[in-house]
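**Q** Mapping to the working numbering: the sequence shown position 400 is 401, numbers consecutive.
The C-beta atom is built at its ideal place from N, Cα and C for all residues, glycine as well.
Here you go, one structure.
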Amino acid sequence: MEKTYQPHEIERSWYQTWEEKGYFAPSGEGDSYCIMIPPPNVTGSLHMGHAFQDTIMDTLVRYHRMKGHNTLWQVGTDHAGIATQMVVERQLLAHGTNRHELGREKFLEKVWEWKAESGGTITTQLRRMGASVDWTRERFTMDEGLSKAVQEVFIRLHDEGLIYRGQRLVNWDPKLHTAISDLEVISEEEKGSLWHFKYPLTDGTTHLVVATTRPETMLGDTAVAVHPEDERYKHLIGKEVALPLTDRKIPIIADDYVDQEFGTGCVKITPAHDFNDYEMGKRHNLPMINIFTNDAHLNDNTPPNYRGMDRFEAREQIVKDLETLGLLEKIEPHTLKVPRGDRSGVVIEPYLTDQWYVKVAPLAEPAIKAVENGDIEFVPKQWENTYFAWMRDIQDWCISRQLWWGHRIPAWYDAQGNIYVAASEDEVRKKYNLAEDLPLTQDEDVLDTWFSSALWTFSTLGWPEETPELKTFHPTDVLVTGFDIIFFWVARMIMMTLKFTGQVPFKQVYVHGLVRDAEGQKMSKSKGNVLDPLDLISGIRLDTLVEKRTGNMMQPHLTKQIEAQTRKHFPEGISAYGTDSLRFTFCSLASTGRDIKFDVGRIEGYRNFCNKIWNAARYVLMNTEDQDCGVNNEPVELGLAERWIISRLQETEQEVAKAYGLYRFDLASQAIYEFIWNEYCDWYLELSKPVLWDKSASPEIQRGTRRTLVRVLETVLRLAHPMMPYITEEIWQRIAPLAGVQGETIMLQPYPVADESKIDAHAVADLNWVRQVILAVRNIRGEMDISPAKPIPLIMKNGDATDQRRLQENQKFLSSLAKLESIEWLTEGEAPMSATQLVGDLELLVPMAGLIDTAAETARLNKEIEKVQKELQRLSGKLNNEKFMSKAPADVVEKEKTKLAEAELTFGKLNDQLEKIKQI
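Written as structure tokens, this is what we have:
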């Protein structure tokens, strides 16, 4: 093995080997286990959320593959209607043309060309993360098989009356000219204004004051609403106001939705341009007046002087005109949440259009029951409440999009607007018995990408055909997903899969949190705190990182701030940590909490963990290669250290298995880390040295030590493999033959299973005693500043018969690892002046005479005491200062109190040591 751990070299070679040899494909043996990857956008690139989620899925897949299951991790990408169309349209624009000049057919050819050439970025990056998906079964939501499934579902739902076309309010993107889903809308706080306008009553008696953040929408008002119990306005309910700037009269209505305490208690109602107003409009049968074109300019339903104006230009003009008329009462600064399209960045408008909808209430009922009766289990369980809350108040689903890229809606219209639905025009004519010469036009819209992804678990396995894969792997076992798409994807998959297969799509839903930065802030380009997982794997220079973060900013005025933050947090850029370090970090963070705070310090710690494993393997190889390791049934003798480490290995295997069953990857990783670092590396390797280096030791005991070294290491490599695939494979190839294990790859070896018969409680207790004694002696060395290399005498006192037995049996370990020149058991008389530690009732004494320079140690301690004394005075003065105590934040005061307590503790310890020195 190389002297130092170099992750990039081994990662490149091993992934290629795994994929070429077909190790990721289902074995065809054992119980089936299947996970569907949430299909990333074909336009996308790997971000921290992807990397975290893919790590969890790959860990589960590798774990179950090693457990002997017939394992499939189904991979595929989503066609990403809006994002992909935007990418190709930008390319066309750069070449001086656009999709309208090309026409639909030629434009779609261009999209497919782009997909073939540039649409595989994220799949390349998945490979970089070590994702063991079955690439031979890769699917795409627009491939022929999935398109057939989408058509089949649409037609069947339409024929059953569960898909219909209707006019409803939607999120409208005025730049992209399409409806978009709630998930594609980002609402963030922005500074705006609240305008207060006077609406005169038609009888000339008074006026009502309404407040709005969108003055332009007043031209579409069809009522003013007040609370029915509001004493200020009860007498006006049923009267009318003259809508300013128009020739329309609108009623004053009463509705419980109105908040009497907010603003003036009067609310303008614009049903065609506000979701809450839309619902009120339906309750009161109000007219719905659309005042916008599809690019958010004012249309012919507005007064002539505003027609054609952009909405924000119209806003300024309307405010000026109302001020001129004396109808502007005041303008207040107001912070509000502004909805913007995540792709276009423009403000989204609620917009009244004709769209296609799924009637979801009949589909929701069995989907609710599937979770209630336990057919589907959410982990953590509390996410079921979120699911139920949404499903029990579910609204019909808008599934049409005004795009060209996507599954075109299989619906045709005649001149009278009659709708015919089938897979093709020929099938339409046969199905509806239409004349050959009747002109038909296909709907221009495509389906929302969430519609095709809702069929993901069964369409990818070959549905509507009854394929062997569908029979073997469906329902799938677990969906790994973030809580933010429970509504958009999880619920819809459950509804659609139950409807068309009669099965649940998955038995469990593991809901993880969102990856945030070290301070708990959401990662976003505008904050400049985004971390690229590939930068963490490969490393990135500071200047390149600064350029990357500031170059992609949505708010350029924050560039200097983001640059300063980046230079502060990453003064030397980001080191190359390798894939295994990143994956293990993700596993260590995968608890059941909602937020995942990613601190680069943790990945650095796990890079050190990889180094620890590498160096341990090198030690084992140096002491076992070309040696007799007792793997051919030669006689071996297992000493206390061997029986202890084997016992602890079984207990660790139990902990890991339990943690996997609970989806507690943090606990599994912690158990593996503790065992490898703190027990195998820090203790067992050290305990092996006195045996291997003892020329008088028997061949059986040395053979037993070597066999334990290789077998335990080989086992923990398999234990850690699902989380850290590369380093474990690289080392396993060297260790496995020494341990007598045959096989081409670690990933197809059996996962370790605890054998309780190998747990020796007696050995565990005895070795723990040895460790405690050694640690106690090391503590004495530290406290008294005695060199670790200096042999020292040890006296034991007040122990019982068990302590005496343990001393007699383990004196060699104690002498070697604690660096003792002698061990004496004191049965009577006084011990010389000593430093003391306790192990239970056993007192450990190290005589100080001759071990330290008392004068030098006294001087050192006095200097330390003086330093701590000054700190005590400073902290006490600060905490006794009334000005500081009254003005400092509570957390700052608490930190100072903690510092004071720690300083007092240190002061006491130093004085105790000084007293001991004086008595020598």
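Do three or more CB pairs link the stretch 868 to 884 to the stretch 803 to 823 at distances below 8 Å?
**A** As far as the Cβ criterion goes, the stretch 868 to 884 does not touch the stretch 803 to 823, which means the pair count is below three.
**Q** Thinking C-beta only, is F814 closer than 8 Å to V778?
**A** No, the pair does not count as a contact, with Cβ atoms beyond the cut-off.
**Q** State the beta-bridge partners of R517 as determined by DSSP.
**A** Looking at the DSSP assignment, R517 forms a beta bridge with K523, K598.
**Q** I'd like the list of long-range same chain contacts for G800, defined as Cβ closer than 6 Å, with 5 residues on each side in sequence excluded.
**A** Within the same chain, G800 has close Cβ partners L843.
**Q** Taking the alpha carbon of P39 as the reference point, which residue from K382, F484, Q417, I377 has its own alpha carbon closest?
**A** Closest by alpha carbon: F484.
**Q** Within the chosen definition, does the stretch 274 to 284 reach the stretch 157 to 168 through at least 3 CB pairs nearer than 8 Å?
**A** No contact exists between the stretch 274 to 284 and the stretch 157 to 168.
**Q** Quick one: give me the first and last residue of the beta strand (DSSP E) that Q1 is part of.
**A** Nothing in the structure corresponds to residue 1, since the chain is present only between 2 and 921.
**Q** Can the beta-carbon of I647 be found less than 8 Å from the beta-carbon of R517?
**A** No; because the gap between Cβ atoms is not below 8 Å, this pair is not in contact.
**Q** So what does DSSP say about T709, is it helix, strand or coil?
**A** The answer is helix: DSSP assigns T709 an H, G or I state.
**Q** Quick one: measure Cβ to Cβ for H70 and V43, integer angstroms, because I've assumed they're closer than 8 Å.
**A** So it is not a contact: roughly 30 Å between Cβ atoms.
**Q** Would you say D55 touches the ligand NAP, meaning its beta carbon is less than 7 Å from a heavy atom?
**A** The ligand NAP is not part of this structure, which contains no ligands at all.
**Q** Among R140, E829, G514, S194, which residue has its Cα nearest to the Cα of Q54?
**A** Of R140, E829, G514, S194, the residue nearest in Cα terms is G514.
**Q** I'd like the ranges of any alpha helix (DSSP H) spanning at least 4 consecutive residues and lying wholly in the stretch 888 to 920.
**A** If we require 4 residues or more, the alpha helix (DSSP H) runs fully inside the stretch 888 to 920 come out as 891 to 919.
**Q** Is S576 closer than 8 Å to L147 when the C-beta atoms are compared?
**A** No. Outside cutoff.
**Q** At which residues does the beta strand (DSSP E) containing Q168 begin and terminate?
**A** Note, Q168: beta strand (DSSP E), 164 to 174.
**Q** Under a CB-based cut-off of 8 Å, is M58 close to chain D?
**A** Among the chains in the structure shown there is no chain D, since it carries only a single protein chain.
**Q** Using CA atoms only, rank isn't needed, just tell me which of I775, I369, I270, R215 is closest to E314.
**A** Residue R215 is the option with its Cα nearest to E314.
**Q** Skipping 5 residues on each side, what residues in its chain have a beta carbon closer than 6 Å to that of L668?
**A** Taken in chain order, the residues that qualify are A660.
**Q** W464 by DSSP, collapsed to three states: which one?
**A** Coil.
**Q** To which residues of the same chain is V359 closer than 7 Å at the C-beta, ignoring the five residues directly before and after it?
**A** Closer than 7 Å at the Cβ level, and outside the excluded window around V359, lie L158, L163, I164, D397, W398, I400.
**Q** Are the stretch 91 to 105 and the stretch 463 to 482 in contact at 8 Å, needing three or more beta carbon pairs?
**A** Taking 8 Å as the limit for Cβ pairs, the verdict is that the stretch 463 to 482 does not touch the stretch 91 to 105.
**Q** Could you tell me whether the stretch 195 to 202 touches the stretch 234 to 246, where touching means 3 or more Cβ pairs closer than 8 Å?
**A** Flag = yes, the stretch 195 to 202 and the stretch 234 to 246 touch.
**Q** With a 10 Å radius around its C-beta and 16 neighbouring C-beta atoms as the bar for buried, classify S788 as buried or exposed.
**A** Per the 10 Å Cβ criterion, exposed.
**Q** Which of the three DSSP states, helix, strand or coil, is assigned to I747?
**A** DSSP places I747 in helix when its eight states are reduced to three.
**Q** Around the Cβ of I410, are there at least 16 other Cβ atoms within 10 angstroms (buried) or fewer (exposed)?
**A** I410 should be labelled buried.
**Q** Given that a residue counts as buried once 16 or more other Cβ atoms are within 10 Å of its Cβ, and exposed if not, what is M623?
**A** Label assigned to M623: exposed.
**Q** Do you know whose CA, among C611, L127, L184, M130, lies nearest W490's CA?
**A** For the residues C611, L127, L184, M130, the minimum Cα distance to W490 belongs to L184.
**Q** Helix, strand or coil for S454, going by three-state DSSP, please let me know.
**A** The answer is helix: DSSP assigns S454 an H, G or I state.
**Q** Should E217 go down as buried or exposed, given a rule of 16 or more other Cβ atoms within 10 Å for buried?
**A** So E217 counts as buried.
**Q** Would you call the stretch 176 to 192 and the stretch 104 to 124 in contact, with 3 or more CB pairs under 8 Å?
**A** They do not touch, by the three-pair rule.
**Q** Is there contact between the stretch 261 to 269 and the stretch 227 to 234, where contact requires at least three CB pairs shorter than 8 Å?
**A** Short answer: they touch.
**Q** Just grab the DSSP bridge partners of M797 for me.
**A** M797 is bridged to W826, L845.
**Q** Identify every residue that forms a DSSP beta bridge with F484.
**A** For F484, which the question treats as bridged, DSSP gives no partner whatsoever.
**Q** Suppose you measure from the CA of T706 to the CA of E654; what does that come to, to the nearest Å?
**A** Near 21 Å, if we compare the C-alpha coordinates of E654 and T706.
**Q** Mind the definition here: the stretch 218 to 227 touches the stretch 526 to 533 only if three or more C-beta pairs lie below 8 Å; say whether that holds.
**A** With a cut-off of 8 Å, the stretch 526 to 533 and the stretch 218 to 227 do not count as touching, because too few Cβ pairs lie within range.
**Q** Helix, strand or coil: how does DSSP classify F53 here?
**A** Reduced to three states, the DSSP call for F53 is helix.
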